[in-house]
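Colleague: One structure coming up, written as structure tokens, with questions to follow.
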DNA sequence: GATATTATCGCAATTCGTTCTCAATAAGGA
DNA sequence: TCCTTATTGAGAACGAATTGCGATAATATC
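Residue numbers (this note's numbering), protein chains in the order written: chain A, 198 to 341; chain B, 198 to 341.
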């Protein structure tokens, strides 16, 4: 299996874009965070490593990462988008606590069936899905 | 079945808030749009009706509508959230075309099972879910 | 390897959605 | 009817995201 950087380089090459250290630092930062992340977290992480990458560059790199299939939008919260890397990961869904905000990742095969059924029913070529289940986690539901 | 306005009034009363014409105009606008909507669409609709409701009031009313269960967040697109009214509607999921942006609503019973399974597995009191399936619609997939 | 072309960079300014501030208003209880 | 105070509208403020621009550096060409 190719590494993230290799996938990214291939993507960049195929698009006729330039391979730059800044973009690759962003890719590395993205895959160094083994969790959901937002632009500011990337920025802070890169800053701590004494990499002087501007936020503008991070914002300009995000669409490339999305398009190359390395990351995807996870959810919108606190006034901005959060992402997660998906390359090399099994697809998963999110279970979110409405009270404490905790997010658990889970996988569920049945959802694949839903994809197929719905795709057929409405003549869609389905490429993916995003499922978020929400409620109250074990700790929080006690206090009610 | 109670009307939206009645549900809203009850909610307002129970919370000890005040019944105002501005809030009720927003509720009416929300249920006048039989589709997904965003804040600006509400604003424009109210403007056309010569209702002088400020955007601030709309923004302040949205959380009340969410909390009362009359509406829910549908998806984040074009830099802002889109909502839909759910009161009086069967729960549904979204099928979105990544190319033309078309959104189809569908219902699928299996998802309920996923809710139950996951809730049990992680000790959650599940209250709902949001499922978005995406891909390329019949028209768009031809052009590829 | 040197040179030319132009994509990309950082910075600052800008845009855009949303929230806040505050004085004026009006809802609802006394 | 009066009083208290939640709510309103208008605009300022805020934060996320985008864009313009001069400087820089990655690639193609020689």
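Note that CB positions come from ideal geometry on N, CA and C, so glycine has one too.
(1) Need the endpoints of the beta strand (DSSP E) that residue 331(B) sits in, please.
(2) Can you find at least 3 beta carbon pairs, one from the region 300-309 of chain A and one from the region 261-270 of chain A, that sit closer than 8 Å?
(3) Mind checking whether residue 280(A) and residue 234(A) have CB atoms under 8 Å apart?
(4) With contact counted as at least three CB pairs below 8 Å, one residue from each stretch, are the region 214-221 of chain B and the region 319-328 of chain A in contact?
(5) Got a sec? Which residues, its chain only, sit under 7 Å from residue 287(A) by beta carbon, not counting five neighbours each side?
(6) Could you give the residue range of the alpha helix (DSSP H) that holds residue 222(A)?
(7) Taking only heavy atoms of the ligand MN into account, decide whether any of them is closer than 7 Å to the Cβ of residue 311(A).
(8) Using a C-beta cutoff of 8 Å, does residue 320(B) count as contacting chain A?
(9) What does DSSP give as the partner residue(s) for residue 280(B) in the beta ladder?
(10) Please list the residues of the region 199-219 of chain B that have a C-beta atom closer than 7 Å to any C-beta atom in chain A, keeping them in chain order.
(11) Apart from the five residues on each side of it in sequence, which residues of its chain come closer than 8 Å, Cβ to Cβ, to residue 316(A)?
(12) Using a Cβ-Cβ cutoff of 8 Å, what residues of the region 330-341 of chain B are near chain A? List them in chain order.
(13) Exposed or buried, residue 226(B), counting other C-beta atoms within 10 Å across all chains shown (16 or more means buried)?
(14) So, using beta-carbon positions, are residue 262(A) and residue 270(A) closer together than 8 Å?
(15) Given that residue 310(B) touches chain A, what residues does it touch there, using C-beta distances under 8 Å?
(16) Residue 241(A) CB to nearest chain B CB: under 8 Å?
(17) Here's a check: name, in chain order, each residue in its chain whose Cβ is nearer than 6 Å to the Cβ of residue 330(B), leaving out the five neighbours to either side.
(18) Use the C-beta contact count for residue 250(A): other C-beta atoms within 10 angstroms, 16 or more gives buried, fewer gives exposed.
(19) By alpha-carbon positions, which one of 201(A), 294(A) and 313(A) ends up nearest to residue 228(A)?
(20) In terms of alpha-carbon separation, which member of 300(B), 312(B), 319(B) and 320(B) lies closest to residue 319(A)?
(21) Closer than 7 Å by beta-carbon distance: list the chain B residues that pair up with residue 301(A), in chain order.
(22) Going by DSSP, name the residue or residues bridged to residue 303(B).
(23) At a CB-CB cut-off below 8 Å, which residues of chain B make contact with residue 326(A)?
(24) Measuring CA to CA, which of 312(B), 285(B) and 297(B) is closest to residue 203(B)?
(25) Quick one: grab the DSSP three-state call for residue 240(B).
(26) Taking Cβ-Cβ distances below 7 Å as the criterion, which residues of the region 247-275 of chain B are in contact with chain A?
(27) Closer than 9 Å by beta-carbon distance: list the chain A residues that pair up with residue 316(B), in chain order.
(28) So, at 8 Å on beta carbons, what are the nonlocal neighbours of residue 232(B) in its own chain, with the 5 sequence-adjacent residues on each side left out?
Modeller: In short, the structure shows the following:
(1) Per DSSP, residue 331(B) is one residue of the beta strand (DSSP E) stretching across 322-333.
(2) no
(3) Taking 8 Å as the cut-off, the beta carbon of residue 280(A) is found closer than this to the beta carbon of residue 234(A).
(4) Put simply, the region 214-221 of chain B does not touch the region 319-328 of chain A. Fewer than three CB pairs are less than 8 Å apart.
(5) Taken in chain order, the residues that qualify are 304.
(6) According to the DSSP assignment, residue 222(A) belongs to the alpha helix (DSSP H) that extends over 218-229.
(7) For the structure depicted, the ligand MN is absent and the ligand set is empty, with no information on it obtainable.
(8) yes
(9) 234(B) and 270(B)
(10) Listed by position along the chain: nothing, the set is empty.
(11) Hits under 8 Å: 322 and 323.
(12) 330, 331, 332, 333, 334, 335 and 338
(13) buried
(14) The answer is no: Cβ separation not under 8 Å.
(15) 307
(16) no
(17) 292
(18) buried
(19) 201(A)
(20) Relative to residue 319(A), the option among 300(B), 312(B), 319(B) and 320(B) whose CA is nearest is 300(B).
(21) In chain order, 319 make up the part of chain B whose C-beta sits under 7 Å from the C-beta of residue 301(A).
(22) 290(B)
(23) 328, 329, 330 and 331
(24) 285(B)
(25) The answer is helix: DSSP assigns residue 240(B) an H, G or I state.
(26) 273
(27) Residues of chain A passing the Cβ test: 292, 330 and 332.
(28) 281
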